[in-house]
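**Q** Residue numbers (the UniProt record's numbering): 1 to 152.
#1: Sorted by chain position, which residues of the same chain lie with C-beta nearer than 6 angstroms to residue 122's C-beta, five sequence neighbours on each side aside?
#2: Applying the 10 Å Cβ sphere with the 16-neighbour rule, what's the burial state of residue 136?
#3: On a CA-only basis, which of 43, 145, 7 is nearest residue 133? Give me that one, please.
#4: In angstroms, rounded to a whole number, what distance separates the CA positions of residue 69 and residue 141?
#5: For residue 110, collect the residues of the same chain with a Cβ closer than 6 angstroms to its Cβ; drop the 5 residues on either side in sequence, then sort them by chain order.
#6: Using alpha carbons as the reference points, say which of 81, 128, 54 lies closest to residue 104.
#7: Roughly how many whole angstroms lie between the Cα atoms of residue 90 and residue 98?
#8: For a test of the three-state rule: what should DSSP assign to residue 105, helix, strand or coil?
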């Protein structure tokens with residue numbers, strides 16, 4: 001590990017000061033934002049997936065309101081589903097794609113083909129699909145990610 005990185009990590013207080021981490025296991029505002037971004041979701045998409053208003057997500061991420069207890073479980077379900085889709089696609093590519101695997105992603109939601117994803121906790125979006133592609137690339141050596149031609 002880089003010496004500067006080690007020095008920085010060692011300079012951080014452990015454990016964190018009281019009040020920075022909810023004692024009851026609820027997500028912190030930055031945890032929610034990081035997970036949302038890693039899943040390729042906009043605030044609007046996360047709000048729809050959680051069946052709440054955009055204002056709620058904005059308030060949670062800004063720390064204006066505490067994040068309710070069940071949000072962690074709901075977000076973890078979306079994470080698990082995303083990982084499951086990525087794992088299934090990676091397995092398919094490893095078995096069938098040959099030496100030069102390719103994964104198509106989309107620039108806009110309107111470019112996405114209709115995907116029947118039973119049990120999906122949210123409708124697939126172009127941003128989410130790109131997050132899936134990133135996860136697939138971690139498991140498929142040499143995977144090339146390309147932009148699919150736009151639909152007209």
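Beta carbons: idealized from backbone N, C-alpha and C, even for Gly.
**A** Reading off the structure:
#1: Counted from its first residue, the chain shown places residue 122 at position 122. For residue 122, where only same-chain residues beyond five positions count, the Cβ hits under 6 angstroms are 49.
#2: Indexing the chain shown from 1 puts residue 136 at position 136. Classification for residue 136: buried.
#3: Working through the chain shown from its first residue, we reach residue 133 at position 133. Out of 43, 145, 7, 145 has the C-alpha closest to the C-alpha of residue 133.
#4: The sequence position of residue 69 within the chain shown is 69, counting from 1. The sequence position of residue 141 within the chain shown is 141, counting from 1. Here the alpha carbons of residue 141 and residue 69 stand approximately 39 angstroms from one another.
#5: Along the chain shown, read from residue 1 onward, the residue named residue 110 stands at position 110. Counting only Cβ-Cβ distances below 6 angstroms, and skipping sequence neighbours, we find nothing.
#6: On the chain shown, residue 104 is found 104 positions in, with the first residue counted as 1. Closest option to residue 104, Cα to Cα, is 128.
#7: Counting from one through the chain shown, the residue named residue 90 turns up at place 90. Counting from one through the chain shown, the residue named residue 98 turns up at place 98. Using only the alpha carbons, I get a separation of about 12 angstroms.
#8: For this step, residue 105 is matched to residue 105 along the chain shown. Strand.
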